[in-house]
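K.L.:
Numbering (our numbering), first residue to last: 119 to 412.
1. Opposite residue 151 in the DSSP bridges: which residues?
2. What are the boundary residues of the alpha helix (DSSP H) that includes residue 305?
3. Looking at residue 180: is its Cβ nearer than 7 angstroms to the Cβ of residue 207?
4. When the Cα of residue 326 is compared with those of 336, 350, 245 and 317, which residue comes out closest?
5. If you measure between the beta carbons of residue 245 and residue 120, is that distance less than 7 angstroms?
6. According to the neighbour-count rule (16 or more other Cβ atoms, all chains shown, within 10 Å of its Cβ), is residue 149 buried or exposed?
7. Could you spell out where the alpha helix (DSSP H) holding residue 236 opens and where it closes?
8. Could you have a look at residue 230 and say whether DSSP puts it in helix, strand or coil?
9. Might you give, ordered along the chain, the residues of its own chain that have their beta carbon closer than 8 angstroms to the beta carbon of residue 123, omitting 5 neighbours on each side?
10. Determine whether the beta carbon atoms of residue 358 and residue 381 lie at a separation below 7 angstroms.
11. Name the residue from 140, 337, 313 and 302 whose alpha carbon lies nearest to the alpha carbon of residue 390.
12. Threshold first: 4 residues or longer. Then list the alpha helix (DSSP H) segments lying entirely within the region 145-194, N to C.
13. Can you give me the C-alpha to C-alpha distance between residue 236 and residue 392, rounded to a whole angstrom?
14. So, for residue 230: in the same chain, excluding its five sequence neighbours on each side, which residues have a beta-carbon less than 6 angstroms away from its beta-carbon?
15. I need the DSSP call for residue 350, collapsed to helix, strand or coil.
16. Taking three-plus beta-carbon pairs below 8 angstroms as touching, is the region 139-157 in contact with the region 219-229?
17. Would you kindly report the start and end of the unbroken beta strand (DSSP E) that includes residue 273?
18. Are residue 376 and residue 195 closer than 7 angstroms when you measure CB to CB?
19. Taking the CB atoms as reference points, tell me whether residue 372 and residue 249 lie closer together than 7 angstroms.
20. My assumption, with CB atoms under 8 angstroms, is that residue 251 sits in contact with residue 160. Please give the rounded CB distance.
21. Give the C-beta separation of residue 156 and residue 132 to the nearest angstrom, bearing in mind that I take them to be a contact with Cβ-Cβ under 8 angstroms.
22. Do you know how far the Cα of residue 262 is from the Cα of residue 335?
23. Considering only C-alpha positions, which residue in the set 199, 216, 184 and 296 is nearest to residue 136?
24. Measuring alpha carbon to alpha carbon, tell me which of 321, 332, 269 and 407 ends up nearest residue 302.
25. Below 7 angstroms CB to CB, which residues in the same chain sit around residue 374 once its five sequence neighbours on both sides are set aside?
26. Among 297, 255, 344 and 192, whose alpha-carbon lies nearest the alpha-carbon of residue 378?
27. Taking the straight line between their C-alpha atoms, what separation do you get for residue 186 and residue 318?
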């Protein structure tokens, strides 16, 4: 019997967010507003119901960024959330400077990856569903550990990087056979599946990329974009899902991918139905983002 409904495992990061009204590269930009927040895992917590028992497993340093993450989580948590974050001396907490352009609804990030990328112990995880945050940044998590975890746990994972080395690509593709649900953006999917031959780069459509990624997946791959998503199961069955594109200016779109993944997981835990869960993920993400007009 598992103690939690879901364990959120992996990257936790301190986001230092700066809003500008019209970002221009190479010059000074006026800051309209700024704040700090817990990114990645913190973004996902915005979606889950209070009646879900949630376990957070990650690591920070004993630096100022790590202390800020612990403080922010402690101030906003309820009794159903268990915070199991190791504090490591002498390391760096993952942190980011994020510039959010309110004119274009886009963001630019500068990230300093820290101690959470070294996570490798999955023995603490005690939930019927484990979601791995930013799998492609976890340098020391092994396929063997993932295989062991998958024996009695549903595993989902998402990615973060828009560019991957050949070694990273190979490792991710080896791990997918132990992942039930892989959720990634169109940019991440392009990085993993595009190939270069004779100096010419071959890019695939979202449908083709989903089909490639799903060949070794346990159950389902979902590739999402602001315009919709594509899913493909391990039998090669592909589905497309439209989404309402948000054209309203002045929105904070930070963490949209995290919101999508957590919305999908929330609905899956409640219903077990992939089709309705993907539709809900689009609807709920759009609803949350629309409320963020500044």
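Every residue, glycine too, gets a C-beta built ideally from N, C-alpha and C.
P.N.:
On the basis of the supplied data:
1. Working through the chain shown from its first residue, we reach residue 151 at position 33. The partner list for residue 151 (beta bridge, DSSP) reads 137.
2. By one-based count along the chain shown, residue 305 stands at place 187. Residues 304-311.
3. For this step, residue 180 is matched to residue 62 along the chain shown. For this step, residue 207 is matched to residue 89 along the chain shown. Yes, the pair counts as a contact, with Cβ atoms nearer than the cut-off.
4. Here the question's residue 326 lines up with position 208 in the chain shown. Checked all of 336, 350, 245 and 317; the closest Cα to residue 326 is 350.
5. If you number the chain shown from 1, residue 245 lands on position 127. If you number the chain shown from 1, residue 120 lands on position 2. Taking 7 angstroms as the Cβ cut-off, residue 245 and residue 120 qualify as a contacting pair.
6. What you label residue 149 is simply residue 31 of the chain shown in a count that begins at 1. Flag for residue 149 reads exposed.
7. Taking the chain shown and counting its residues from 1, the one referred to as residue 236 is at position 118. Neither: residue 236 is in no alpha helix (DSSP H) and is coded neither H nor E.
8. If you number the chain shown from 1, residue 230 lands on position 112. In the structure shown, residue 230 sits in a strand (DSSP, three-state: E or B).
9. Translated into positions along the chain shown, residue 123 becomes position 5. Hits under 8 angstroms: 170, 171, 172, 245, 246, 247 and 387.
10. Here the question's residue 358 lines up with position 240 in the chain shown. Here the question's residue 381 lines up with position 263 in the chain shown. Not a contact, by the Cβ cut-off of 7 angstroms.
11. Position 272 of the chain shown holds residue 390. Here the closest residue by C-alpha is 337.
12. 159-163 and 182-194
13. Against the chain shown, residue 236 aligns to sequence position 118. Against the chain shown, residue 392 aligns to sequence position 274. If you take the alpha carbons of residue 236 and residue 392, they lie about 32 angstroms apart.
14. In the chain shown, residue 230 corresponds to position 112, counting from 1. Answer for residue 230: 213, listed in chain order.
15. Mapped onto the chain shown, residue 350 falls at position 232. Residue state, collapsed to three classes: strand.
16. yes
17. Stepping through the chain shown from its first residue, residue 273 is reached at position 155. Taken as a continuous stretch (DSSP letters only), the beta strand (DSSP E) holding residue 273 covers 272-276.
18. Within the chain shown, the letter at position 258 stands for residue 376. Within the chain shown, the letter at position 77 stands for residue 195. Their beta carbons are not under 7 angstroms apart, which means residue 376 does not touch residue 195 by this criterion.
19. For the purposes of this step, residue 372 is identified with residue 254 of the chain shown, where counting begins at 1. For the purposes of this step, residue 249 is identified with residue 131 of the chain shown, where counting begins at 1. In this structure, residue 249 does not lie closer than 7 angstroms to residue 372 by Cβ.
20. Taking the chain shown and counting its residues from 1, one reaches residue 251 at position 133. Taking the chain shown and counting its residues from 1, one reaches residue 160 at position 42. The pair is not a contact, with the Cβ atoms about 10 angstroms apart (cut-off 8 angstroms).
21. Taking the first residue of the chain shown as 1, we reach residue 156 at position 38. Taking the first residue of the chain shown as 1, we reach residue 132 at position 14. Right, their Cβ atoms sit about 7 angstroms apart.
22. As a working note, residue 335 is residue 217 in the chain shown. As a working note, residue 262 is residue 144 in the chain shown. So the two alpha carbons sit approximately 16 angstroms from each other.
23. Position 18 of the chain shown, counted from the start, is the residue given in the question as residue 136. Ranking the options by Cα distance to residue 136, first place goes to 216.
24. Along the chain shown, one-based indexing puts residue 302 at 184. Closest option to residue 302, Cα to Cα, is 332.
25. Counting from one through the chain shown, the residue named residue 374 turns up at place 256. Contacts found: 403 and 407.
26. Here residue 378 refers to the residue found at position 260 of the chain shown. Ranking the options by Cα distance to residue 378, first place goes to 344.
27. Within the chain shown, residue 186 is the residue found at index 68, counting from 1. Within the chain shown, residue 318 is the residue found at index 200, counting from 1. Rounded to whole angstroms, residue 186 to residue 318 spans 46 angstroms at the Cα level.
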